[in-house]
Amino acid sequence: MALPKELVREIIEQNNFQKPGEILEFLKESFKDVLQEMLEAEMDCHLGYSKNDVSNKSIDNSRNGYTPKTVRSELGPVEIDIPRDRKGKFEPKIVPKYKRDVSGIEEKVISLYARGMSTRDIHEQIKELYGVEISAEMVSKITERLLPEIREWQNRPLEPIYSFVFLDAIHYKIREDGHVLNRAAYVVIGVDIDGNKDILGIWIGENESSKFWLGVLNELKSRGVEEILLFSVDGLTGLKEAIEAVYPNAMIQRCIIHQLRNSFKYVSYKNIKEFSRDFKSVYTAVNEDEALENLYKLKEKWGKQYPYAFRSWENNWEVICPFFKFPLEIRKIVYTTNIIEGLHRQFRKVTKTKTVFPSDTSLEKMLYLASMNVMKKWTLRFRNWDQVLSQLIIIFGDRVEKYL
Numbered sequence: 000m001a002l003p004k005e006l007v008r009e010i011i012e013q014n015n016f017q018k019p020g021e022i023l024e025f026l027k028e029s030f031k032d033v034l035q036e037m038l039e040a041e042m043d044c045h046l047g048y049s050k051n052d053v054s055n056k057s058i059d060n061s062r063n064g065y066t067p068k069t070v071r072s073e074l075g076p077v078e079i080d081i082p083r084d085r086k087g088k089f090e091p092k093i094v095p096k097y098k099r100d101v102s103g104i105e106e107k108v109i110s111l112y113a114r115g116m117s118t119r120d121i122h123e124q125i126k127e128l129y130g131v132e133i134s135a136e137m138v139s140k141i142t143e144r145l146l147p148e149i150r151e152w153q154n155r156p157l158e159p160i161y162s163f164v165f166l167d168a169i170h171y172k173i174r175e176d177g178h179v180l181n182r183a184a185y186v187v188i189g190v191d192i193d194g195n196k197d198i199l200g201i202w203i204g205e206n207e208s209s210k211f212w213l214g215v216l217n218e219l220k221s222r223g224v225e226e227i228l229l230f231s232v233d234g235l236t237g238l239k240e241a242i243e244a245v246y247p248n249a250m251i252q253r254c255i256i257h258q259l260r261n262s263f264k265y266v267s268y269k270n271i272k273e274f275s276r277d278f279k280s281v282y283t284a285v286n287e288d289e290a291l292e293n294l295y296k297l298k299e300k301w302g303k304q305y306p307y308a309f310r311s312w313e314n315n316w317e318v319i320c321p322f323f324k325f326p327l328e329i330r331k332i333v334y335t336t337n338i339i340e341g342l343h344r345q346f347r348k349v350t351k352t353k354t355v356f357p358s359d360t361s362l363e364k365m366l367y368l369a370s371m372n373v374m375k376k377w378t379l380r381f382r383n384w385d386q387v388l389s390q391l392i393i394i395f396g397d398r399v400e401k402y403l
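Per numbering that gives the first Met the number 0, the sequence shown runs over residues 0 to 403.
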């Protein structure tokens, strides 16, 4: 809220400011006075009578002096006096009992942490912005307050049906008991029946297995997910078996982009463009028969030179071929990995300064904050969703219609 210009001129004339520092000191003192008056007003409300109006006193409680307190503000440290009452029941709301930050510093720390800044960089930023020293331990304590919020988010109720669920992993290093260990963050993204995207959860673990995935999928079920039409997955160990146990009617589709990447790593750089162009005839085929025919033609051309480039396609055709049963609009959603790739890009952006995380919790906090930032941008549903939904109803029938 801007001050009237006349009042600003009056303040300048009365105080004869010569330097910016004098203006800052004036603002600091003014802020202190306003804060102090608000505390006094809170005490008046608590006791039921104002400071000098003892004639209206109707309770046996009364003021009992002050306790000095230094709080952090955007203008720097400010010393205030917290009123006390004789019964010790007064709990100010403007400056809560154990709070020493009225500047938004904690929110700023979490915001900087979400951008992937190191504790050292956060220390420097906060010192520069607020003139306050904040240790690495304090940064950690502030971000620890996210944990209940993360638990609540990870356990929140979900939609009863998801049209598509994408599962993928991104890998990090964690320090534990003096050793550096590999960890995978397993991300589950869902597209609901209205075409909206959501991150259903993030699970951090060492080794994927049927048992691990069974736990993840049972969590989804306990959070209200009754039906999943199609899973798009990479070759995560044990996932197929777990899906068949928990969501036996779901279709399992191997991620086409991951298949292509797996093939490309066996092809020399000079041939990658031509090979990629040729392979397009496989995943854009009209149906499964045409796709297989084009795959065999491709193998005739490139197979002797790059035999391993075709192995994954042949070994996993059972979970690749469902793709060819779908119309083009659904195929685009399945083989376009913008959702998962975009999320992973954001994760890498905020974690690039961290070669090793001090704990699983530290990684969890950072990925959660990155996820929240990504989901703020997920405001639009998939293009042509009405057409996609009509196609899903034709393909899956009652499994979709009962949720509309």
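Note that the Cβ used here is the ideal one computed from N, Cα and C, for glycine as well.
It should be emphasised that the depicted structure is a prediction, and the values quoted were computed from it without experimental measurement.
Three-way DSSP call (helix, strand, coil) for GLY64 in this model: Position 65 of the sequence shown holds residue 64. GLY64 falls in the strand class under three-state DSSP.
Straight-line Cα distance separating VAL70 from PHE16: As a position in the sequence shown, residue 16 is number 17, starting the count at 1. As a position in the sequence shown, residue 70 is number 71, starting the count at 1. Those two C-alpha atoms are separated by around 26 Å.
Contact between the stretch 294–313 and the stretch 356–375 (3+ Cβ pairs under 8 Å): no
Run of the alpha helix (DSSP H) containing TRP312, from where it starts to where it stops: Sequence index remark: in the sequence shown, residue 312 carries index 313 (1-based). 310–314 is the span of the alpha helix (DSSP H), which, as asked, contains TRP312.
VAL245 versus ARG150: straight-line alpha-carbon distance, rounded: For the purposes of this step, residue 245 is identified with residue 246 of the sequence shown, where counting begins at 1. For the purposes of this step, residue 150 is identified with residue 151 of the sequence shown, where counting begins at 1. Cα-Cα distance, rounded: 23 Å.
Whole-angstrom distance between LEU219 and ALA113, CA atom to CA atom: Looking up residue 113 in the sequence shown gives position 114. Looking up residue 219 in the sequence shown gives position 220. So the two alpha carbons sit approximately 26 Å from each other.
Contacts around GLU158, its chain only, beta-carbon distance under 6 Å, and the 5 residues preceding and following it disregarded: The sequence position of residue 158 within the sequence shown is 159, counting from 1. Answer for GLU158: ASP191, listed in chain order.
SER231, buried or exposed, once every other Cβ within 10 Å from all chains shown has been counted against 16: Against the sequence shown, residue 231 aligns to sequence position 232. By the 10 Å Cβ count, SER231 comes out buried.
Whole-Å CB distance - ARG174 paired with PRO357, under 8 Å assumed: Stepping through the sequence shown from its first residue, residue 174 is reached at position 175. Stepping through the sequence shown from its first residue, residue 357 is reached at position 358. At roughly 6 Å, the Cβ-Cβ gap stays under 8 Å, so ARG174 and PRO357 are in contact.
Rounded separation between ILE79 and GLU132 - CA only: For the purposes of this step, residue 79 is taken as residue 80 along the sequence shown, with counting starting at 1. For the purposes of this step, residue 132 is taken as residue 133 along the sequence shown, with counting starting at 1. Whole-angstrom Cα-Cα distance: 20 Å.
Residue-level contact to chain D via CB, HIS45, 8 Å cutoff: You won't find chain D in this structure, because it holds only one protein chain.
Whole-angstrom distance between LYS196 and LEU362, CA atom to CA atom: Against the sequence shown, residue 362 aligns to sequence position 363. Against the sequence shown, residue 196 aligns to sequence position 197. One C-alpha to the other measures close to 23 Å.
Three-state secondary structure assigned by DSSP to ARG144: If you number the sequence shown from 1, residue 144 lands on position 145. Note: ARG144 maps to coil in three-state DSSP.
Pair within 8 Å by beta-carbon distance, GLY177 and SER208: As a position in the sequence shown, residue 177 is number 178, starting the count at 1. As a position in the sequence shown, residue 208 is number 209, starting the count at 1. For GLY177 and SER208, no; Cβs fall outside 8 Å.
Through-space distance from VAL333 to PHE322, alpha-carbon basis: In the sequence shown, residue 322 corresponds to position 323, counting from 1. In the sequence shown, residue 333 corresponds to position 334, counting from 1. C-alpha separation (whole angstroms): 8 Å.
Segment contact, 8 Å Cβ cut-off, at least three pairs: the stretch 246–257 with the stretch 266–278: no
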